[in-house]
Amino acid sequence: MNSLNTYLNTEIKPLKHSALLSEVQDLFEEVPYSHFPVTEDGVFIGCVSKESVAFLNASAVLNENRFHFERFFVRSSMIWLDVLEVFAKNETNLLPVLDEKNNYVGYYELEDVIRFLHETPFLKEEGGVLIVAKEVNTFSMSQVAQIVESNQAKILGLFISNVTQNTVEITIKMSQSGLNDIIQTFRRYEYEIISEHQEDSYLNGLKERSDYLDKYLNI
């Protein structure tokens, strides 16, 4: 699997702080980005959005409108999950990338990071997805892993997909080996099964008994 840095883009140079807004507006007409980085003497000073410059005076200089700049970025050393989080928090499809000395080195496009995500075993490898929930104070990630692996399955990925005041929800991608046994083991450890599965013998049994009861009551 490639490193996320493989997707670092330098095709379009960052905007200079001295650029005319007419040039900036023209750029946004040509490219499909929601934001673009701005530099001053090669140093990153913020991002300008397509929305913020659309109705500004085209003859003005970009630097005169610094209060419109948004100052989000990622480091070249950051892992893809953290990068994806910055994309989501700032509702952007482009992120400037800085090195550890704050030098601007390029940008990531959201489409490329999604493509990178598709190459991870979590999405690429075949397997089953199980969503379980438990009280926050009794939840243990190591216990989740132990339950899966004790049933001769391999974890391809897992993450906390939802948290409330009392409950944590975990999404697990695993090699599909005895999924019903894994589900029943989670229940024995008092996990709630959120996702629905045809292999779930417990729910299938409840459904069969319910159908039988319906038939009996309708006689």
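Read in order, the letters of the sequence shown correspond to residues 268 to 486 in our numbering. Glycine residues also receive a C-beta, built at the ideal position from the N, C-alpha and C atoms.
| Asked | Found |
| --- | --- |
| Three-state secondary structure assigned by DSSP to M345 | coil |
| Option in E376, E402, V380 and L423 with minimal Cα separation from G394 | L423 |
| Member of Y374, T359, E352 and V353 whose CA lies at the smallest distance from the CA of F311 | Y374 |
| Simplified DSSP assignment, three categories, for L470 | At L470, the pLDDT of 43 sits below 50, so the modelled position is not reliable; the number obtained from the coordinates is stated separately. Reduced to three states, the DSSP call for L470 is helix. |
| Residue from F340, N447, G313 and A321 whose Cα sits closest to the Cα of Q419 | N447 |
| Reduced DSSP secondary structure (H/G/I, E/B, other) of M420 | Checking the sequence shown, residue 420 turns out to be Ala, not Met. Looking at A420 - three-state DSSP - the assignment turns out to be coil, as it is neither helix nor strand. |
| Three-state class that DSSP yields for Y458 in the structure shown | coil |
| Where the alpha helix (DSSP H) containing I381 begins and where it ends | L377 to H385 |
| Helix, strand or coil at I279 according to DSSP, with G and I counted as helix | coil |
| Proximity of I460 and I414 at Cβ, strictly below 9 Å | no |
| Classification of L390 by the beta-carbon crowding that lies within 10 angstroms, buried from 16 upward | exposed |
| Alpha helix (DSSP H) runs wholly inside the region 311-340, at least 4 long, in chain order | 317-320 |
| Selection from T431, F340, T359 and A321 that minimises the alpha carbon distance to L365 | F340 |
| Close Cβ partners of F336 (< 8 Å) along its chain, the five nearest in sequence each way excluded | V305, I312, G313, C314 and V315 |
| Reference L361, options L377, L351 and V353, closest by Cα | L377 |
| Beta-carbon proximity of E402 to V430, cut-off 9 Å | no |
| Contacting residues, own chain, Cβ-Cβ under 6 Å from A355 (five flanking each side not counted) | none |
| First and last residue of the uninterrupted alpha helix (DSSP H) at E290 | L288 to E297 |
| According to DSSP, residues forming a beta bridge with P363 | Y374 |
| Option nearest S417 by Cα separation, candidates E318, H302 and M441 | M441 |
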